[in-house]
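J.: Below is one structure. I have some questions about it.
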Amino acid sequence: LLLALCNGLGALHGRALVHGRLEPSNVLLSADDRLTLTGSAFGRRPAAGERRCAPAVRAGAGLYPRADVYGLGYLGFELLAGRPPASGEDHPGREVPDDLAKLLAACLREEPADRPPDARAVSLALTGGAAPPSAGLPRGLRMPSADAAEPPLIESDSQPTAPVHRPAAEPELPSSEVS
187 LLLALCNGLG
197 ALHGRALVHG
207 RLEPSNVLLS
217 ADDRLTLTGS
227 AFGRRPAAGE
237 RRCAPAVRAG
247 AGLYPRADVY
257 GLGYLGFELL
267 AGRPPASGED
277 HPGREVPDDL
287 AKLLAACLRE
297 EPADRPPDAR
307 AVSLALTGGA
317 APPSAGLPRG
327 LRMPSADAAE
337 PPLIESDSQP
347 TAPVHRPAAE
357 PELPSSEVS
């Protein structure tokens, strides 16, 4: 399930989109084991005390892929532990392999630059991708430099119809492909 979530989010991130609102009610699993992500945070500010939302987003920052990674880590922890992580807790339980626990802990880091850059990086870590190792993360997950600024893809005061902000280095998608 965690890998399917990564793949769904990775597809969004690959199109310069973010979900922004990963929670159990927005993850649907069909009878034939197909996963569907519903809902999104477009035009919605997080409610006070909404813990599944990345700390910077709760503080008013815009949405960006690393915010989805935080939500992915939070939801993954809940799936494996059967409960939300307590403040500062970084291991969902003794039945969870250490590599997976370290990956979830990396996803839940307070600072966005300390998290995996997007869902595709988390997917690579889960499947043993071949990225060069760094930062002591499991299975070759490489973290980008903390000096690399990451502008939000969606500003915090955006409306649902607002255009998605893309960093200058990313190519624009044809308007027919952006939903």
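All residue numbers for the sequence shown refer to the numbering used here, where the first residue is 187 and numbers rise by one. Where is the CB? At the ideal position from N, CA and C, for every residue including glycine.
Quick check on the burial criterion: 16 or more other C-beta atoms within 10 angstroms. Buried or exposed for ALA240?
T.: Buried, because 16 or more other Cβ atoms sit within 10 Å of the Cβ of ALA240.
J.: What three-state label does DSSP hand THR224 in the structure shown?
T.: coil
J.: Give me the residue from PRO283, VAL282, GLU281 and ASP276 with the minimum Cα distance to CYS293.
T.: ASP276
J.: Is the separation between the beta-carbon of LEU223 and that of HIS205 shorter than 9 Å?
T.: yes
J.: Could you give the DSSP three-state label for LEU258: helix, strand or coil?
T.: Here LEU258 sits in helix by DSSP.
J.: Unbroken beta strand (DSSP E) runs of length 3 or more, entirely within the region 244-294: which are they?
T.: Assignment of beta strand (DSSP E) within the region 244-294, counting only whole runs of 3 or more residues, yields no such run.
J.: Taking 8 Å as the limit between beta carbons, can you name the residues of its chain near ALA190, skipping five residues before and five after?
T.: LEU221
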